[in-house]
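Using my numbering, you'd call the opening residue of the sequence shown number 2 and step up by one each time.
We treat Cβ as the ideally placed atom computed from N, Cα and C, and that holds for glycine.
Please read all numbers here as calculations on a predicted model, not as lab measurements.
First up is the structure itself, then whatever we jot down about it.
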Amino acid sequence: TRLAPDRLILPHPRLHERGFVLVPLMDVAPDWRHPVLGQTVRQMHAALDPADLSEIHPVAD
């Protein structure tokens, strides 16, 4: 975890709870491991409630 200027914490402390972050992250870095939780993006995505993912859709080209 890194503390950046103005108290921004990276990665975000609740990244693992946010489908709108994890869905696109699955496309670019599914094996990235959260430095604090030790889970991969795949694992965090799999742990999400499917209802939290129902409103997330790809943007048309």
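Assumed close pair residue i, residue j - CB separation to whole angstroms, cut-off 8 Å
| i | j | result |
| --- | --- | --- |
| Arg19 | Asp32 | Contact flag wrong, Cβ pair sits at about 19 Å. |
From the options, residue whose alpha carbon lies closest to that of residue i
| i | options | result |
| --- | --- | --- |
| His17 | His46, Pro51, Leu9 | His46 |
| Pro14 | Leu38, Pro25, Asp53 | Leu38 |
| Leu11 | His35, Asp28, Phe21, Met27 | His35 |
Straight-line gap, residue i to residue j (C-alpha atoms, nearest Å)
| i | j | result |
| --- | --- | --- |
| Leu23 | Arg8 | 22 Å |
| Val29 | Thr41 | 12 Å |
| Asp50 | Phe21 | 13 Å |
Residue i at chain D interface by Cβ criterion, 7 Å
| i | result |
| --- | --- |
| Met45 | In summary, chain D is missing from the structure at hand, where a single protein chain is found. |
Per-residue DSSP class, three states only, for residue i
| i | result |
| --- | --- |
| Leu11 | strand |
| Arg19 | coil |
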